[in-house]
Structures are given as C-alpha cells and as structure tokens.
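The structure appears right after this line, and notes come after that.
2 protein chains.
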Amino acid sequence: MPISPRRATLIEVAKMAGASKTSVSRFFGTERDKLSAELQQRIGESAKSLGYRPNQMARGLKGGGSRLLGMLVADIRNPFSVAVMHGVELACRDYGYALIVCNTDNDPALEQQHLATLATYQVEGLIINAVGQPGQALQALMESGVPLVLLDRDISRLNAEVIGLDNALAIDMALAHLSRQGYRSILYVSETPERASARQERLQRFGEQAEAMGLGNQTLILSHSELPSCETALAMYVEQQADSPCAVLCGNGTTLLTMAKCFKRLNLSMGPVGLMGIDELEWCELLTPGITTLAQPTDGIGRDSVACLISQLARNKPSPPYQNRHAPRLIIRGSTAP
Amino acid sequence: MPISPRRATLIEVAKMAGASKTSVSRFFGTERDKLSAELQQRIGESAKSLGYRPNQMARGLKGGGSRLLGMLVADIRNPFSVAVMHGVELACRDYGYALIVCNTDNDPALEQQHLATLATYQVEGLIINAVGQPGQALQALMESGVPLVLLDRDISRLNAEVIGLDNALAIDMALAHLSRQGYRSILYVSETPERASARQERLQRFGEQAEAMGLGNQTLILSHSELPSCETALAMYVEQQADSPCAVLCGNGTTLLTMAKCFKRLNLSMGPVGLMGIDELEWCELLTPGITTLAQPTDGIGRDSVACLISQLARNKPSPPYQNRHAPRLIIRGSTAP
DNA sequence: CTGAAAGCGCTTACAG
DNA sequence: CTGAAAGCGCTTACAG
Chain A
1 MPISPRRATL IEVAKMAGAS KTSVSRFFGT ERDKLSAELQ QRIGESAKSL
51 GYRPNQMARG LKGGGSRLLG MLVADIRNPF SVAVMHGVEL ACRDYGYALI
101 VCNTDNDPAL EQQHLATLAT YQVEGLIINA VGQPGQALQA LMESGVPLVL
151 LDRDISRLNA EVIGLDNALA IDMALAHLSR QGYRSILYVS ETPERASARQ
201 ERLQRFGEQA EAMGLGNQTL ILSHSELPSC ETALAMYVEQ QADSPCAVLC
251 GNGTTLLTMA KCFKRLNLSM GPVGLMGIDE LEWCELLTPG ITTLAQPTDG
301 IGRDSVACLI SQLARNKPSP PYQNRHAPRL IIRGSTAP
Chain B
1 MPISPRRATL IEVAKMAGAS KTSVSRFFGT ERDKLSAELQ QRIGESAKSL
51 GYRPNQMARG LKGGGSRLLG MLVADIRNPF SVAVMHGVEL ACRDYGYALI
101 VCNTDNDPAL EQQHLATLAT YQVEGLIINA VGQPGQALQA LMESGVPLVL
151 LDRDISRLNA EVIGLDNALA IDMALAHLSR QGYRSILYVS ETPERASARQ
201 ERLQRFGEQA EAMGLGNQTL ILSHSELPSC ETALAMYVEQ QADSPCAVLC
251 GNGTTLLTMA KCFKRLNLSM GPVGLMGIDE LEWCELLTPG ITTLAQPTDG
301 IGRDSVACLI SQLARNKPSP PYQNRHAPRL IIRGSTAP
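What follows is the structure, given as structure tokens:
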C-alpha cells in the first residue's frame, strides 16, 4: 500500500518561491511576461523542483475553460472515422486541447447519452459524426453556446457547420474516370441514405450526373449488407448489361468490401466489369488487379474540423482558416481498365 | 450573437427545491436513499425542469474523482488498437467513466507529452499501449498512485499489470495448425521486437517451439517494411525450401499485409506456400483463397483492461474479475492448405 | 433525515 | 510589476 504523494499544488509552489498564488497562476497562464524576470525565475525553479503542473479540472472550474474537445463517432471501427480522428488529434495537440472520444456504435440512444456526458465535462467544442436526429441533448448543448461541427453527416434543422468530402465533386470525378475508361453503364451502391447526408448527396448527384453524361445508371441500396442478395443483384445487373461495358461504383468503404466479396463469389473479374470505390483502404492495392478509389483527405478533414471549432471559440481574435468541402484524390488501378 | 444561457447549477436547484446544497449533492451522488421520499421528489423535479446535470469538473475537484480514464495508443490507425479501444469504450460506459484517448504515433517524445497532459486532467486510471521506456512522466504518475495497465506491450522495470494476447499459446496454436497441414519449415516474420514485449515473446516462443516440434525455422525482421527487400528475402527463403513444404507465419497485421503484397509481386500462390497471420483483418477472407489467421479477442482485451483498472480503484470493494492473457481464435482458410 | 460551513486548486477583477 | 480576496460548482466531515 504505497503512500501516494499527492501532486504538488499551486500554493506549494507559491510558498516555495516566496510569491503569491496570483503570480504563480500568471506564470502558467497567459500573463507570464507581466512578471519580472527574477520572479519568473524563482517560480520556474520551484515549480520544476516540485514537478508542478496546473490541475486542469480546477482551471476549468474558474474562467480558464476546460481545454477539452469532444468527438462523437458513429462507428469507431470504420477506418474512415479513425483516419479523421487522427487528424483531429493532430490539430488538438497543436491548439493545446485534449480530446474525449465517444463511440455511439450507430445507436441514437447511446448518442444522446454520450452527448450528456460530454456536457458534464464542460467540453469547449464538439465534433459530431451524427447518427440520430438532434434530440434534446444536442439542442441543450447548442443553446448553451458550445461550438459544433458536423462531420460528414449533416443534420437538418441544426445550423452548424458541416465538414467533409465534396460529395458532388467526388461523384463527378468518379463518373468522369469511368466514362473515360469506356464504361457506358454504372451501378451505384450505397448504404441506406436516410440518416447520412453524405450518402444522400452522393446518391442524388450520381443520378443527375450519370444522366447528364448519358451513362446508363442504376442504384443498389444495401440495408444489412446481406451477401447473398447483393450477389444476386449484382449478377442480374451484369447480365442485363451484356452488350455494353459496365462498372460498379461504391459509395464508401463498407459497400466496396461487400461488392468485392460479391465479385469474388460470382467469379467476376474486375476490369472487364469495372469496380471503383470512395474511400481508400489498405487492401485496395492488394486485391488483384488493384481497386481504383477516391481517397478522402482524412487528416485534412479532421484538422479543419478542429480549426472550425477554434474559430468559433476565438470570436474576434485571428483564427485559423479552414475548408468545409474537401476534394478527393483519384487513385487509378486495374479494376477500372476494361 | 446568442446570449448563451449558462447551464443550471446545484445552487439553483437547491433554491428551487427549497433544499440545501448538501441534499442536492446527495441526490446526485451515492447517498440518494438517505433522503426522504418527499425531498427526493422535490429535488428530482427541480433538477429536471432546470435541465441540471452536475458539473464533473467541479466534482472531480473535491473528493468525487474525475471519472475520467486515459488511454494511450501507439498507433491509432492500427485496426487492432482500434478494436481494443472499442472494448475499452464499452467497459467505460458500463462503469460510468469517460475516456480521453491520446495517440502517440509511435513517438516516445509525444508519449511523454500526452502522459503529462493526462495527469493534468486527473485521470483516475491509465491504459497504456507503450512505445517508449517509462520516462519521468510515467514514473510520476505511478508514484502519485494512478492505477495503470499495460496493453499488449510490457515495460521492463515497471511493475504494472499487462493485458493482452497469450502470446505463447498463439504461437503454439499456429505451429500446431501449420504442422498438421503438412508444412515442414516455417518462416516467422516480425517487426523489430526491441520496444514491444509481445513481439519478443512471440519471436522467442516461435524459435523454441518450432525447434521442439522438429520444424525448420527461420526469422525475418521487418524494420521499415521496405517491400523490395522483403520480396527478395521471401524469394530466397522459398527457393531454399524447394524440397519440403514451407509456410510464412506473420506476427501481426502489418507484417501480414506486407507479406501478402510480396506473395502477389512474386506471383507465389498461397497454400502451396503457406501463409498465416496473427490478427484478423477484414480483407483476410477476401484475398483468394482466404488467409488463415488467429483472431485476437479485442473486445475482451479492452474490457478486461478497464476491469483491471476498476479493481485497483476499488481496493476493498468487490471488483470485477479479469484475465491477463487472452486466447486467440483460429480461423482456417485456404492459405494454409498445401 | 437534513443542513451550515469549510475547502478542493485554480483564476480574475480590484488595488496598490 | 505584485498580491489579497472573492468565487468557480461541487463534496464531505461535522452537528443536529
């Protein structure tokens, strides 16, 4: 049973340095330069020898702010979400914030609960990859003035900034590429678009743009990604197009994985039947002959989410620039060479 | 410029309910049942109508504890780490803790920095997937009595609990399977084992056990996973074994990905040359003919890490059981069918 | 069962 | 440039 030596406190540092609490507080706050060189020296040394670091909980309680940001992720096991989180982390570090991450596992109830918890910790800003509709927890948070950014998914009737991929551009780039490669007819595969605005935007743009380009177009919605029925749908589609070269465009990583499995089961070879996806995953280059993708700039999306929060927090001070819609990067591989 | 209505405070609830601060505090703490039914009712109603939730920062400042756990991840983009984090999250929710996650990107300096930050937030416990050696930040934390669990990687001269895969068992299971399938000679591929005890344990057990089973055995250490040199090494190995069936066993997901790429570049077919990995990844079943793996029980590892922390926190109260070494699950696919 | 009071470790007007 | 004092929103002995 170790006698745990408590962490040193501001008072102890003040005592040791022969200074006031106020001065020590200034030393660790934003007013260090208002202290004489000599005082700074004394405080610095005392603090060091005591291993002192300000208690952030106490700081947050008074006017200091919690220096805490919250992030709500719909599915933490989705590589895209994690990649964005990586960018968020990087930016937090730069701005001196710590990050509380909550995974909602796509459960709206859990989302509400986590939101309440986050409020409890007095987070100064919130990055939300929403799964449900606003709900009272979020309303309360907004009303209490906490800055918000919506990641990838918009929420109707909530006027917060949305940061993510430029969905229209992504679809346009994909269709341009597929058309250039000679595919005349495209099947777009999406997860159920109800709750995710990004999915809706992509789906809608696909219809419009394919039409505008004179490409054949159909849509397949995966509800529970039940493999057998996907397989059937894919087989039927390909058969229908027997005469002209066709391709499958997947709206995200999950659908791409599902469709890649279907290709395999049906023994379809990629290329002759095109396959392309939004989101770059580690196995895309591994699968013969390589899958063409649109990579999202995940670090950038993450960083800009934080930058957006910081701007809202800054109010009048000069604040970092950020972008709402990010352009994808086309990675061409064998799966779109007929 | 919205006038942000501050969140309600304990005092306001007390005032509205015509009760004392103490009673309101008790209502939201562990002594609610010491309050008369009538008082409970009044406080409950007032709190509800004010939308009151206790400020966790203030609670933590007094004796309440921060109800915050910290997790340090060496590489957040590693699917294994994320999967474990998922388990940690689940358990945190059960025990009523929130989680601050810090990614060290395999940088010991960053690790130190994050550790200091975590201390600043008064985390009550720490789950560490270490990259560096202890360092003063960790020492200080330990000495101040913060419970610690080491994830997957041990740190010499730190007597904290280590939770992770049963590495010896994993290697034994892998070798037993490969031997059963008829492979007579195995190449074990590992990342540099210096800083990661799990890698060391697997590597060492591999040598011992393969020897004991009378299997040919060699080792390949990937330092920067430079593809061309791996490719050469693999080609040479396979050539040497021309006479007897041989297999490649990968120590983790990263090395498995690298080796799968080498197989592809060399046009080696999996099965005739065996391929197997520790860690189950989404593409393992996708790659023809499917890669045999040992899946780690990541949720369990995550949950037990938290359980271990809780036990240390509980001291005398009954605390949850947990396991230090977890058994993997063998998933047999075509890559180990000669 | 209930409450008045002290105090957790800080910051921030306010004075000098 | 420096400090004494009040107070952030809670919890916890201590008393009744």
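Just so you know, the protein sequences line up as chains A and B, in that order.
Using the numbering used here, the first residue of the first sequence is number 1, and each one after it goes up by one.
Using the numbering used here, the first residue of the second sequence is number 1, and each one after it goes up by one.
A virtual CB, placed ideally from N, CA and C, is assigned to each residue, including glycine.
As the structure is a prediction and not an experimental result, all values here were calculated from the model.
Inter-residue spacing [alpha-carbon to alpha-carbon] between A109 (chain A) and R195 (chain A)
14 Å
For A116 (chain B), would you say it is in contact with chain A, using Cβ-to-Cβ distances shorter than 8 Å as the test?
A116 (chain B) counts as touching chain A.
Which residues, in order along the stretch 121-138 of chain B, keep a beta-carbon less than 9 Å from a beta-carbon of chain A?
Y121, Q122 and Q136
By a C-beta neighbour count over all protein chains shown, 10 Å radius and 16 as the cutoff for buried, is I291 (chain B) buried or exposed?
Counting Cβ neighbours within 10 Å, I291 (chain B) comes out buried, since at least 16 surround it.
What number of angstroms, rounded off, separates the C-alpha of G340 (chain B) from the C-alpha of L68 (chain B)?
No information on residue 340 (chain B) is available, as it lies outside the stretch 1 to 338 that chain B covers here.
Give a yes or no on whether 8 Å exceeds the smallest Cβ distance from G29 (chain B) to chain A.
With 8 Å as the cut-off, G29 (chain B) does not count as an interface residue toward chain A.
Distance cutoff 8 Å, beta carbons only. Does L158 (chain B) sit that close to anything in chain A?
no
Going by the CB atoms, is the gap between A198 (chain B) and D166 (chain B) shorter than 8 Å?
Result no, Cβ atoms of D166 (chain B) and A198 (chain B) do not sit closer than 8 Å.
Spatial neighbours of H114 (chain A) within its chain, please: CB distance less than 7 Å, with the 5 preceding and 5 following residues excluded, ordered by chain position.
L72, C102 and T104
Sequence-distant residues of its chain with Cβ nearer than 7 Å to S335 (chain A) (five each side left out)
Within the same chain, S335 (chain A) has close Cβ partners M270, G271, G274, L275, M276, P289, G290, I291 and T292.
Are the stretch 82-95 of chain A and the stretch 117-124 of chain A touching, with three or more C-beta to C-beta distances below 8 Å?
no
Given that a residue counts as buried once 16 or more other Cβ atoms are within 10 Å of its Cβ, and exposed if not, what is N252 (chain A)?
buried
Starting from R329 (chain A) and walking both ways along the beta strand (DSSP E), at which residues does that stretch end?
First-last of the beta strand (DSSP E) with R329 (chain A): R329 to I331.
Beta strand (DSSP E) runs wholly inside the stretch 19-47 of chain A, at least 3 long, in chain order:
Counting only unbroken stretches of 3 or more residues, no beta strand (DSSP E) element lies wholly within the stretch 19-47 of chain A.
Excluding the 5 residues flanking Y95 (chain A) on each side, which residues of the same chain have their C-beta closer than 8 Å to its C-beta?
V306 and I310
So Q133 (chain A) packs on I155 (chain A), CB below 8 Å; how close in whole Å?
That belief holds up - the Cβ atoms of Q133 (chain A) and I155 (chain A) are roughly 7 Å apart, short of 8 Å.
Return no unless some Cβ of chain B is closer than 8 Å to the Cβ of M85 (chain A).
yes
Does DSSP put S319 (chain B) in a helix, a strand or coil?
coil
Going along the chain, which residues of the stretch 92-114 of chain B sit with their C-beta nearer than 7 Å to a C-beta in chain A?
A98, L99, I100, V101 and N103
Reference I76 (chain A), options B:A83, B:A74 and B:D75, closest by Cα:
B:A83
Report the neighbours of S305 (chain B) on chain A: residues whose CB is nearer than 9 Å to its CB, in chain order.
Going along chain A, no residue has its Cβ under 9 Å from S305 (chain B), so there is no contact; the nearest lies around 16 Å.
Sequence-distant residues of its chain with Cβ nearer than 8 Å to G60 (chain B) (five each side left out):
S66, R67, L68 and Q122
Among the residues of its own chain, which have a CB less than 6 Å from the CB of R329 (chain A), if the five just before and after it don't count?
A295
Between Q112 (chain A) and A137 (chain A), which are expected to be in contact by the criterion C-beta below 8 Å, what is the C-beta distance as a whole number of angstroms?
5 Å
Please state whether the Cβ-Cβ distance between A235 (chain B) and L286 (chain A) is less than 8 Å.
no
Same chain only: Cβ atoms within 8 Å of C246 (chain B), ignoring 5 sequence neighbours per side
Its chain contains Y183, R184, S185, I186, L187, G216, Y237, V238, V273 and G274 as the residues whose beta carbon lies nearer than 8 Å to that of C246 (chain B), once the 5 sequence neighbours on both sides are disregarded; these appear in chain order.
Segments of 4+ residues assigned as alpha helix (DSSP H) that fall wholly inside the stretch 123-152 of chain B
135-143
Residue burial classification, D243 (chain A) (beta-carbon count within 10 angstroms, cutoff 16):
exposed
Through-space distance from A176 (chain B) to S190 (chain A), alpha-carbon basis
43 Å
Would you mind working out which of A:E231, A:G135 and A:G145 sits nearest R315 (chain A), comparing C-alpha positions?
A:G145
Same chain only: Cβ atoms within 8 Å of D279 (chain B), ignoring 5 sequence neighbours per side:
P79, F80, N252, G253, L256, T293, L294, A295 and Q296
For R59 (chain B), which three-state DSSP category applies?
helix
For T258 (chain B), count neighbouring Cβ atoms within 10 angstroms of its own Cβ and tell me buried if that reaches 16, exposed if not.
buried
In angstroms, rounded to a whole number, what distance separates the CA positions of D181 (chain A) and W283 (chain B)?
Here residue 181 (chain A) is Gln; the residue named in the question, Asp, does not match the sequence. Distance between the alpha carbons of Q181 (chain A) and W283 (chain B): 27 Å.
With DSSP collapsed to three states, give me the class of G65 (chain B).
Three-state DSSP puts G65 (chain B) in coil, outside helix and strand.
Own chain partners of P321 (chain A) with C-beta closer than 8 Å, once the 5 adjacent residues on each side are dropped
Cβ neighbours of P321 (chain A) beyond the five flanking positions: A307.
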